[in-house]
Structure formats: structure tokens, C-alpha cells
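Novice:
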Amino acid sequence: MKQSHLFTKTRREAPKDEVSKNAQLLIRAGFIHKEMAGVYSFLPLGLRTLNKIVGIIREEINVIGGEEVYLASLQDKKNWVPTNRWDDAVVDNWFKTHLKNGTELGLGFTHEEPLTAIMKDHIRSFRDLPRAVYQFQTKFRNEERAKSGIMRAREFLMKDLYSFNVDQKVHINFYEQAKQAYVKIFERIGLGAKTYITFASGGSFAKYSHEFQTLTEAGEDTIYIHEGKKIAVNKEVLNDEVLKDLGISRSDLVEKKASEVGNIFSLGTKFSDALGLVFKDVDGINKPVIMGCYGIGPGRVMGTIAEVYSDEKGLIWPESVAPFIVHLIALSNKKAVEGVEDQVKKVADEIYAKFIKRGVEILYDDRDATAGEKFSDSDLIGIPTRYVVSEKTIANGEVEMKDRKTGKVEMVKISDFK
RNA sequence: CGGAGCGUGGUGUAACGGCUAACAUUUCUGUUUUGGGAACAGAAGACUCCGGGUUCGAAUCCCGGCGCUCCGACCA
36 MKQSHLFTKT RREAPKDEVS KNAQLLIRAG FIHKEMAGVY SFLPLGLRTL
86 NKIVGIIREE INVIGGEEVY LASLQDKKNW VPTNRWDDAV VDNWFKTHLK
136 NGTELGLGFT HEEPLTAIMK DHIRSFRDLP RAVYQFQTKF RNEERAKSGI
186 MRAREFLMKD LYSFNVDQKV HINFYEQAKQ AYVKIFERIG LGAKTYITFA
236 SGGSFAKYSH EFQTLTEAGE DTIYIHEGKK IAVNKEVLND EVLKDLGISR
286 SDLVEKKASE VGNIFSLGTK FSDALGLVFK DVDGINKPVI MGCYGIGPGR
336 VMGTIAEVYS DEKGLIWPES VAPFIVHLIA LSNKKAVEGV EDQVKKVADE
386 IYAKFIKRGV EILYDDRDAT AGEKFSDSDL IGIPTRYVVS EKTIANGEVE
436 MKDRKTGKVE MVKISDFK
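If you want our numbering, it's the position in the first sequence, counting the first as 1, plus 35.
Structure (C-alpha cells):
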């Protein structure tokens, strides 16, 4: 894509009402736009990165047998009353509204209830199991206080996967597969080294749930990490029993701030009992389906990456989620005059065409701007590899290649571009 | 939901109760320039969040509303 076709502008300063680093950088670089507290729109660059994250998650969830759906945001009260989650006294962050005829509606903050209701239409027998169904969907949560930029929003995208199994044993097996899929997802996204499988409260159907916590001061959670085992315990559940279960001692743990980028949770029969999701086993006996839920917030992941991978100049995207892989900058020929071909532009155009032909995602800064402005914008946007074509470089038949992360510079022969 | 702070051109800031609301950035024109947000000249852009009140006079003081940020609580 040519940068002259990108409608977003970068800005020198972040709006003063944004304090979190992720939102400041993402706004300055033109990735997102703040609509109001906790509500953000995604602009072209931001959407590209968000879609990269979504794509990685989708691939890995498909590997473990996930079937993708897209459920409604508007929620019917009838599915939520049986689980006692319609009442505002029980769930205090509903966005509720009503139809013109007065019927109450809610904007979904999660989807256990509606999906369980749907599965009732399709699961009759043990032959219909196991199932794993997921979606990427906007969740609405009327948080009392939005904070941390896009890391805790009132409207946000979430990947939520739900599993349906015949018994606890099969469920645990899938749960482990999902856990491994999550490990792979965060590795691919570039957060692997900083992300810990963290033991957290399991609710009424399992001793523990597992959170995926990425170390960052911007996180809201406090966890205790065990570096040797690469696991952690959420502060909420840290006690002697947990330490014993995990075979670790308190002295090996280090307290850290972290951001919960994903979690997996055993639901047991809570929802299947409440909504009547049963199947006939081999003996023809009705049994409740064993469920699990598995969430990842792509927006929060994006914010976490911005927090973890950035410097004073701007963002530094891991290649797997960068909006573009290559940023090509042309510093126009100063002697360019009427009737004389601009050699720098000519070479840059050719290199751009070659990258496009090879299918490389490239942003080409073809704007009529000064070198300093182009470099600053490039650092701010944070594309992994930058190529600079200038009079100086083409004099030697070369192009400069610079790594955004390491700052390492290399000269590449123009003839090497295929 | 408790506590604190803040609302001034698109953005960031300034202005004692008193002149045409200032500066930077931004945008536009032109000249000049091209390896780290260049320089010069000219221009554009604000009912100072909204509504009341005090005053000869309010961006400034008072009351109410709305919005934003931070700390804490909450986060099924």
C-alpha cells in the first residue's frame, strides 16, 4: 500500500486524556480512534494488526476442531433467567435496552447462554459429541471504570470458544488441547516469552482455571511467577494448598504485574443443567453435556503488545502481527527537475512492485515529505523492516535495510531484489 | 461506587476578574530544501464543554449538569 493512500495521519502528541502507553502510541500512529472512554474504533493500520491477531487465533482454534459461528449481540432475556445472570444485582455490567414494544434486551457480555440454547437444537446423542464452537464477536460490558486504553474497554472484540463433551475425562483432554493451542497462539503472536500459564480460581466445577498472563506494568493483575516451571499463580488464589498442588514453594515465586490476555475455564454442567442441554448416552440415558469456555481478547492482546514492544520512538510490532512487514521509504532526489527522471523514485517504485509481486505486505512511503518526517513516522508505526532508497544509496546500487527492533542496519544490493 | 484532579483553535499548552484570547504544532500558498519531525514569508483555524449566577466587566469567581483522567473497590 502506498502511504499517500492512507487516510490516517500521525501526530506528535497524544491527546492528554490518554495516559496509557498503548492508547497513546496507537492513537499517535493512527491505529485507533477513541470514541469515548473505553470505546475505540479501529483505523486501517489498527484493523490490519487486529486481523493478524484474529487470523492466528482462528488457525490454531481450527486445528483443535473449532467450528466458527457468529452469534447475535442482542440478547433475549429468556436464555439468561435460568442461569440467574439476567438480574442486574447478579451481573452488574449489562448494557440493557428494550424494543419499541417494551421487550427487554441485553447486549451480550459473553455467550454461554445463547450458544447453549442453540446447541440444544443440534445435540441429541453422544454421537453428536464432542463439539467445539467459537466466534469472534463484539462484547459489551458496562464497566464502572474503563481504563488502560484498549486493554479494558466497554466494547471489545473477543474470541470465545465453548466445548461440549460427554464426560469430565474427555473434557479435560480437550481442555489440555485448548491450553496447548493457547500456548502456540501467544508464541506466534510474539508474546510467548512473557506469557505465563497462571492458576486462578476454578469456580464450582474445577479446582482451577488457567489464565494466560503477559508480564507488563500496564496489567491489572498481580501474579506470582515460577520461572523454572514457567507457570504462575494469581494473587487471588495464592495459598498453601495451591503451592502444594503445584509442588512449588513460596520462596521460588516472584511477584509481577500482568495482563490477562486469555483464559480457559471448565464450566461443568452449570449451563447445560440450567438450560437443559442433555444427550442420550449409549444406554439411552439423558446426561448433561460437560462444557468449557476459552476466551482471548484480540484488542487487549494488541494493547498488550503495544505496551510490551515499544520504545520512546514508537511501536515495535512482532512480524506476525505487524500491519505491514516492510516499510519502504523513498527520499526524493533533490535535483529532480522538470524533464529529468527522479532516479530515487524510479528505483523505489521498482522495488515496491517487486515486493507486491512476491505478495509481501508493504507500506511504501511515497509522500512528498522530508526525510526526518518519514523516519519519525516509520519509527512510530513500527513496521519490522525498513528499506530506505535515497540518492546516497542508489549511488552504490544499494538500499538501506534497518531492523526496527534492533536498529541494525545493512546495505542491500538493488540487484538482489527479485 | 468512594476519593482526587481537569475541561481554552484538530493536537499540546498560556493568559492577575480588564486591550482584538497568546505560543507551539497542524493545515493551506509561495520560495527554498531533502538522511532524523528543515528554513523563511503569508494565510486558515476558538461563541474558552453546556446552562445558570455574581460583576461595570468572567476563560478566570460561585452553583448545577455533562465529559475526561488518575487512585481505590469491582471485573461473574
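From the three backbone atoms N, C-alpha and C, an ideal C-beta is built for every residue, glycine too.
Could you check the C-alpha separation between Val126 and Leu140 for me, to the nearest Å?
Specialist: One-based indexing of the first sequence puts residue 126 at position 91. One-based indexing of the first sequence puts residue 140 at position 105. Roughly 14 Å between the two C-alpha positions.
Novice: Do Ile283 and Tyr329 have their CB atoms nearer than 8 Å?
Specialist: Position 248 of the first sequence, counted from the first residue, corresponds to residue 283. Position 294 of the first sequence, counted from the first residue, corresponds to residue 329. No, the Cβ-Cβ distance between Ile283 and Tyr329 is not below 8 Å.
Novice: Would you tell me roughly how many angstroms separate the C-alpha atoms of Ala371 and Lys437, rounded to the nearest one?
Specialist: Counting from one through the first sequence, the residue named residue 371 turns up at place 336. Counting from one through the first sequence, the residue named residue 437 turns up at place 402. Note that Ala371 scores a pLDDT of 49, beneath 50, so its modelled location is shaky; the value from the coordinates is reported in the next line. The straight-line gap from Cα to Cα measures roughly 26 Å.
Novice: Got a sec? Which residues, its chain only, sit under 8 Å from Ile67 by beta carbon, not counting five neighbours each side?
Specialist: In the first sequence, the residue the question calls residue 67 occupies position 32. Around Ile67: Ala58, Leu61, Tyr75, Ser76, Phe77, Leu78, Gly81, Ile185.
Novice: For the alpha helix (DSSP H) containing Leu150, name the first residue and the last one.
Specialist: Within the first sequence, the letter at position 115 stands for residue 150. Run containing Leu150: 147-155, per the alpha helix (DSSP H) assignment.
Novice: How is the beta strand (DSSP E) around His133 delimited, first residue to last?
Specialist: Within the first sequence, the letter at position 98 stands for residue 133. That run of the beta strand (DSSP E) goes 130-133.
Novice: Pro333 and Lys214 look like a contact to me (Cβ under 8 Å); what is the Cβ gap, rounded to whole Å?
Specialist: As a first step, residue 333 must be located in the first sequence, where it is residue number 298. As a first step, residue 214 must be located in the first sequence, where it is residue number 179. Actually they do not touch by this definition, with Cβ atoms about 19 Å apart.
Novice: Quick check on Glu246: buried or exposed, where buried means 16 or more other Cβ atoms within 10 Å of its Cβ?
Specialist: Here residue 246 refers to the residue found at position 211 of the first sequence. Glu246 should be labelled buried.
Novice: What are the boundary residues of the beta strand (DSSP E) that includes Met436?
Specialist: Working through the first sequence from its first residue, we reach residue 436 at position 401. Unbroken beta strand (DSSP E) run through Met436: 433-438.
Novice: Is His133 buried or exposed, if buried means 16 or more other CB atoms sit within 10 Å of its CB?
Specialist: In the first sequence, the residue the question calls residue 133 occupies position 98. Result: exposed.
Novice: Going straight from the alpha carbon of Gln248 to that of Phe314, what length do you get?
Specialist: The sequence position of residue 248 within the first sequence is 213, counting from 1. The sequence position of residue 314 within the first sequence is 279, counting from 1. Each residue's alpha carbon lies about 35 Å from the other.
Novice: According to DSSP, is Thr43 part of a helix, a strand, or is it coil?
Specialist: Stepping through the first sequence from its first residue, residue 43 is reached at position 8. Thr43 falls in the coil class under three-state DSSP.
Novice: Helix, strand or coil for Ala253, going by three-state DSSP, please let me know.
Specialist: By 1-based counting over the first sequence, the position of residue 253 is 218. Three-state DSSP puts Ala253 in coil, outside helix and strand.
Novice: Quick one: what's got a C-beta closer than 6 Å to Asp316's C-beta in the same chain, skipping five residues either side?
Specialist: Taking the first sequence and counting its residues from 1, the one referred to as residue 316 is at position 281. Taken in chain order, the residues that qualify are Phe161, Lys322.
Novice: Which one of Ser286, His261, Ala253, Ser198 has the shortest CA to CA distance from Phe234?
Specialist: Start at 1 with the first residue of the first sequence, and residue 234 comes out as number 199. Nearest option by C-alpha distance: His261.
Novice: So Trp129 packs on Asn177, CB below 8 Å; how close in whole Å?
Specialist: The count along the first sequence starts at 1 and reaches residue 129 at position 94. The count along the first sequence starts at 1 and reaches residue 177 at position 142. Correct: roughly 6 Å between the Cβ atoms.
Novice: Helix, strand or coil: how does DSSP classify Ser450 here?
Specialist: On the first sequence, residue 450 is found 415 positions in, with the first residue counted as 1. Three-state result, Ser450: helix.
Novice: Per DSSP, which one or two residues make a beta bridge with Lys242?
Specialist: Position 207 of the first sequence, counted from the start, is the residue given in the question as residue 242. In DSSP, Lys242 forms no bridge with anything.
Novice: Inspect the CB distances between the segment 140-149 and the segment 107-125 and report whether three or more fall short of 8 Å.
Specialist: Counting Cβ pairs under 8 Å, three or more are found: they touch.
Novice: Measuring CB atoms only, is the segment 331-350 touching the segment 390-402, in the sense that at least three cross pairs come out at less than 8 Å?
Specialist: Touching, no, given that fewer than three Cβ pairs across the two stretches are closer than 8 Å.
Novice: Starting from Met337 and walking both ways along the alpha helix (DSSP H), at which residues does that stretch end?
Specialist: Your numbering for residue 337 matches position 302 in the first sequence. Residues 333-343.
Novice: With a Cβ-Cβ cutoff of 8 Å, do Ile96 and Tyr169 count as a contact?
Specialist: Taking the first sequence and counting its residues from 1, one reaches residue 96 at position 61. Taking the first sequence and counting its residues from 1, one reaches residue 169 at position 134. Closer than 8 Å, so yes.
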